[in-house]
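Each protein sequence line maps, in turn, to chains R and U.
Residue numbers 23 to 295, in my numbering, belong to the letters of the first sequence in order.
Residue numbers 7 to 379, in my numbering, belong to the letters of the second sequence in order.
As structure tokens, the structure follows; a few thoughts come after it.
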Amino acid sequence: MKTLKPVLFWIAVVLVVFLFIFPILWIFVTAFKLRADILSVSMGKLLFFTPSLESFEHVFTYTTIVRELANSAIISVSATVLVMLFALPAAYSFARWNTGGGHLLFVTLSTRMFPGFLAAMAYFFVYKDIALMDTHLGLMLFFYYFNISFATFLLYGFFREIAPELEQAAMIDGYSRFDVLRKVVIPLILPGVAITAVFVLVFNWNEFLFSVLFTKINARTVAVGLAMFWGSIEIQWGPMCAAASMAVLPTLAAAWFMQRYIVRGLTFGAVKG
Amino acid sequence: MAEVRLENVTKLYGRKAAVRDVSFVCKEGEFISIVGPTGAGKSTILKMIAGIEDITSGKIYFDNRVVNELLPQERNVSMAFETYNLYPHFSVYENIAFPLRSPRWKKSFPPEKEKRKVEEIANFLGIGELLDRKPQFLSGGQKQRASLARALVRKPEVYLLDEPIAHLDARLKFSTQTLLREFATKYGSTIIYVTHDYREALGLSDRMAVLRRGVIEQIDAPEQVYYYPATDFVGTLIGEPPINLMDGEIITRDNKAFFKAGKDFSIQVREDLADAMNRVARQEDGKRITRLGIQCDDIKLSRDKISDNSFQLPVYAFVHEAERSVVTFELKDTFLQVRTTERTECRVSEMFWLDFDQDRMFFFKKTFEITKA
Numbered sequence: 023m024k025t026l027k028p029v030l031f032w033i034a035v036v037l038v039v040f041l042f043i044f045p046i047l048w049i050f051v052t053a054f055k056l057r058a059d060i061l062s063v064s065m066g067k068l069l070f071f072t073p074s075l076e077s078f079e080h081v082f083t084y085t086t087i088v089r090e091l092a093n094s095a096i097i098s099v100s101a102t103v104l105v106m107l108f109a110l111p112a113a114y115s116f117a118r119w120n121t122g123g124g125h126l127l128f129v130t131l132s133t134r135m136f137p138g139f140l141a142a143m144a145y146f147f148v149y150k151d152i153a154l155m156d157t158h159l160g161l162m163l164f165f166y167y168f169n170i171s172f173a174t175f176l177l178y179g180f181f182r183e184i185a186p187e188l189e190q191a192a193m194i195d196g197y198s199r200f201d202v203l204r205k206v207v208i209p210l211i212l213p214g215v216a217i218t219a220v221f222v223l224v225f226n227w228n229e230f231l232f233s234v235l236f237t238k239i240n241a242r243t244v245a246v247g248l249a250m251f252w253g254s255i256e257i258q259w260g261p262m263c264a265a266a267s268m269a270v271l272p273t274l275a276a277a278w279f280m281q282r283y284i285v286r287g288l289t290f291g292a293v294k295g
Numbered sequence: 007m008a009e010v011r012l013e014n015v016t017k018l019y020g021r022k023a024a025v026r027d028v029s030f031v032c033k034e035g036e037f038i039s040i041v042g043p044t045g046a047g048k049s050t051i052l053k054m055i056a057g058i059e060d061i062t063s064g065k066i067y068f069d070n071r072v073v074n075e076l077l078p079q080e081r082n083v084s085m086a087f088e089t090y091n092l093y094p095h096f097s098v099y100e101n102i103a104f105p106l107r108s109p110r111w112k113k114s115f116p117p118e119k120e121k122r123k124v125e126e127i128a129n130f131l132g133i134g135e136l137l138d139r140k141p142q143f144l145s146g147g148q149k150q151r152a153s154l155a156r157a158l159v160r161k162p163e164v165y166l167l168d169e170p171i172a173h174l175d176a177r178l179k180f181s182t183q184t185l186l187r188e189f190a191t192k193y194g195s196t197i198i199y200v201t202h203d204y205r206e207a208l209g210l211s212d213r214m215a216v217l218r219r220g221v222i223e224q225i226d227a228p229e230q231v232y233y234y235p236a237t238d239f240v241g242t243l244i245g246e247p248p249i250n251l252m253d254g255e256i257i258t259r260d261n262k263a264f265f266k267a268g269k270d271f272s273i274q275v276r277e278d279l280a281d282a283m284n285r286v287a288r289q290e291d292g293k294r295i296t297r298l299g300i301q302c303d304d305i306k307l308s309r310d311k312i313s314d315n316s317f318q319l320p321v322y323a324f325v326h327e328a329e330r331s332v333v334t335f336e337l338k339d340t341f342l343q344v345r346t347t348e349r350t351e352c353r354v355s356e357m358f359w360l361d362f363d364q365d366r367m368f369f370f371k372k373t374f375e376i377t378k379a
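Following this line, the structure appears as structure tokens:
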């Protein structure tokens with residue numbers, strides 16, 4: 023029994039890690055395979071094959087993946103900046119002064135209580151009339167709408183962690199409200215800002231449904247671009263994985279960046295004790 | 007340093023008054039303590055002086071300037087919080103230096119002077135070795151001293167200290183108390199000090215104010231408050247064990263006044279005290295009832311009859327202190343505690359004679375129900 027316990031534990035760990043890592047690993051493996059090896063049924067070819075850049079060549083030559091990556095970057099980054107710009111003061115005001123007596127915060131949140139698609143339909147008809155279809159601005163504004171409530175609520179929680187007395191102490195120490203924000207509140211809220219921004223950024227980057235709805239060619243994002251490899255006649259596994267391997271890189275970087283902050287972000291509010 | 011004057015200051019939270027019509031003067035260089043139970047409004051008074059709570063009505067003056075409308079950063083006060091409120095992203099050094107680096111004082115504290123000031127106060131409070139640490143790596147007592155150092159590093163109009171040593175262990179509490187007294191004397195500082203521990207107030211302050219539900223019940227020199235409590239409430243708050251309170255009937259027989267509580271316990275009240283007793287008497291079920299207060303050190307205890315006015319009670323419980331004993335007797339609706347002058351061996355239910363020192367008897371208006379708890 024004593025020896026069995028650690029063995030079972032490690033089996034469980036391996037299983038869980040395999041479950042999460044395998045799909046990503048498989049994207050990278052497939053991206054570097056020759057077309058023939060991808061479709062090969064021989065077991066040996068699953069892992070042992072001659073690496074090739076064939077799929078990447080195809081992607082760069084015959085598709086607009088670079089532009090789609092750039093579109094995704096432009097839209098998701100600008101939407102994130104815009105969201106943070108409005109969510110930060112809103113969350114601070116909700117947390118510190120209970121602005122709107124709780125009702126306003128509820129209204130803000132309520133935009134997430136019905137299927138996003140309902141809002142998307144309204145946006146769709148308006149965008150058609152004011153020529154925002156298939157534009158960076160159009161998708162960015164929709165991402166802004168979709169994320170602002172979530173970001174505000176998340177930041178609200180982080181601001182609540184900072185005791186109002188801490189700001190009062192700084193004011194007594196001779197600092198104006200603006201200086202208190204600069205010297206005390208912002209440094210303390212930074213991990214929270216990082217986490218929120220990364221969540222919003224990753225959502226925007228990966229978003230598919232609304233992107234497919236609001237963009238066609240000009241502002242097509244990489245998530246939509248990836249789906250294009252899924253044709254009516256064949257699925258281009260190699261190029262799709264090659265493009266996907268590039269598309270997941272920012273997300274992986276974000277996840278790596280975030281794990282350092284998440285622990286800190288969840289514990290930094292310790293004032294007393 | 008300045009004189010701080012409160013004039014009819016009231017603070018309402020909604021319709022509930024946290025502080026009601028409070029007036030007092032803290033002269034320049036005076037050390038005033040505010041004592042009271044939890045929720046009495048002590049901290050609220052400090053926060054109003056500091057400017058982080060609005061004043062509902064009344065005026066606060068520093069010297070002769072009204073400061074009601076001034077923002078906290080314009081008032082030039084410093085405050086130590088019970089909850090420390092250290093800035094978690096700064097080291098202890100940066101925390102203490104923070105007020106010196108504020109836009110208002112930066113010019114008066116160039117780097118060398120700042121360093122000297124911070125090290126001076128940190129060493130004074132015994133946290134000189136902790137200057138590089140972040141608050142999260144400090145114990146509660148160290149945090150509290152760091153927060154106190156931040157309050158004392160600068161010379162403001164008034165120091166506002168909110169339970170600044172409440173979380174220190176007994177030994178540190180005593181030494182820090184001595185340091186605070188030294189600090190106050192050395193720099194002639196105006197200090198308003200909030201505590202729930204009457205011993206701190208007795209030991210530190212020039213005058214102490216006893217606060218109850220937002221109202222000052224008594225403000226006087228500590229020994230006056232201790233020896234001459236103005237109300238029954240002040241009596242119960244000061245002293246360990248607190249003052250003995252008992253409700254009893256006033257009986258007049260042959261022109262002599264007696265105080266009678268229960269069937270075993272009746273004493274003749276000296277003539278000159280009868281006035282004081284009658285003044286606070288109230289009618290209850292056709293009887294004239296009054297409240298008597300006497301401190302545990304002012305009752306004599308003996309196995310033999312002491313005087314004509316002494317009476318006998320059985321021992322209910324007893325606790326030995328190092329050199330004395332506290333013996334408890336049961337009365338009808340309360341306990342009577344007596345501290346002996348020397349350690350006394352006794353048994354439960356043993357009969358003792360008790361004799362009240364009539365010079366030290368107080369008669370109070372009833373302001374709350376006595377319970378046996």
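Note that CB positions come from ideal geometry on N, CA and C, so glycine has one too.
Here the structure is a predicted model, which is why all the values come from computation and not from measurement.
Going by C-alpha positions, residue 28(R) is about 10 angstroms away from residue 34(R). By the Cβ neighbour-count rule, residue 288(U) is exposed, with fewer than 16 other Cβ atoms within 10 Å of its own. Under the rule that a run must span 3 or more residues, the beta strand (DSSP E) segments found entirely inside the stretch 41-117 of chain U read 63-68, 83-86. Put simply, the CB of residue 98(U) is far from chain R, with every gap to its CB atoms at 8 angstroms or more. Our two residues, residue 243(U) and residue 249(U), have alpha carbons roughly 8 angstroms apart in a direct line. Annotated three-state conformation of residue 314(U) is coil, per DSSP. Taking CB atoms only, residue 91(U) has a neighbour in chain R less than 8 angstroms away.
Proximity to residue 75(R) across 87(R), 55(R), 66(R), 230(R) peaks at 55(R), based on C-alpha coordinates.
For the 8 angstroms CB-CB criterion, residue 274(U) and residue 262(U) form a contact. Looking at the backbone, the Cα of residue 125(R) and that of residue 183(R) are separated by about 21 angstroms. The Cβ-Cβ distance between residue 318(U) and residue 359(U) falls below 8 angstroms. As the crow flies, the alpha-carbon of residue 367(U) is around 14 angstroms from that of residue 316(U). Annotation: residue 228(R) to residue 241(R) spans about 15 angstroms, alpha carbon to alpha carbon.
Using a CB distance below 7 angstroms, the part of the stretch 196-208 of chain R facing chain U consists of 196, 197, 198, 201, 206, ordered along the chain. Here the alpha carbon of residue 87(U) sits roughly 7 angstroms from the alpha carbon of residue 170(U). Nearest to residue 63(U) by C-alpha distance, out of 217(U), 94(U), 77(U), 19(U), is 19(U).
Contact between residue 345(U) and residue 329(U) is ruled out by a C-beta separation of about 11 angstroms, above the 8 angstroms threshold. Taking C-beta separations shorter than 7 angstroms and ignoring five residues to either side along the sequence, the partners of residue 235(R) in its chain run 142, 146, following chain order.
Taken through DSSP and simplified to helix, strand or coil, residue 254(U) comes out as strand. Ranked by Cα distance from residue 198(U), the options 118(U), 54(U), 375(U) are led by 54(U). If you look at residue 229(U), you'll find it in the alpha helix (DSSP H) that goes 228-233. In this structure, the beta-carbon distance from residue 297(U) to residue 189(U) does not fall below 8 angstroms.
The alpha carbon of residue 117(R) has as its nearest neighbour, out of 155(R), 88(R), 186(R), the alpha carbon of 186(R). Taking a contact as a CB-CB distance under 8 angstroms, the pair residue 356(U) and residue 320(U) counts as one, their CB atoms being some 7 angstroms apart. Residues of the stretch 115-145 of chain R with a Cβ closer than 9 angstroms to any Cβ of chain U: none. Runs of the alpha helix (DSSP H) lying entirely within the stretch 190-223 of chain U and spanning at least 4 residues, in chain order: 204-210.
A direct Cα-to-Cα measurement between residue 176(R) and residue 148(R) gives close to 29 angstroms.
For residue 59(R), the uninterrupted alpha helix (DSSP H) run begins and ends at 57-61, by DSSP.
C-alpha of residue 70(U) to C-alpha of residue 105(U): approximately 25 angstroms in a straight line. A distance below 7 angstroms between beta-carbons, with the five flanking residues on each side excluded, links residue 187(U) to the following residues of its chain, in chain order: 210. With respect to residue 332(U), residue 324(U) sits close: the two C-beta atoms are nearer than 8 angstroms. A direct Cα-Cα distance of roughly 26 angstroms separates residue 51(R) from residue 223(R). For the options 202(R), 157(R), 237(R), 226(R), the alpha carbon positioned closest to that of residue 172(R) is the one of 226(R).
Residue 162(R) is outside the set of residues whose beta carbon lies under 8 angstroms from a beta carbon in chain U. The CB of residue 85(U) comes closer than 8 angstroms to the CB of 191, 194 in chain R, given here in chain order. Contact check for residue 109(U) and residue 196(R): beta-carbon distance about 7 angstroms, within the 8 angstroms limit, so the pair qualifies.
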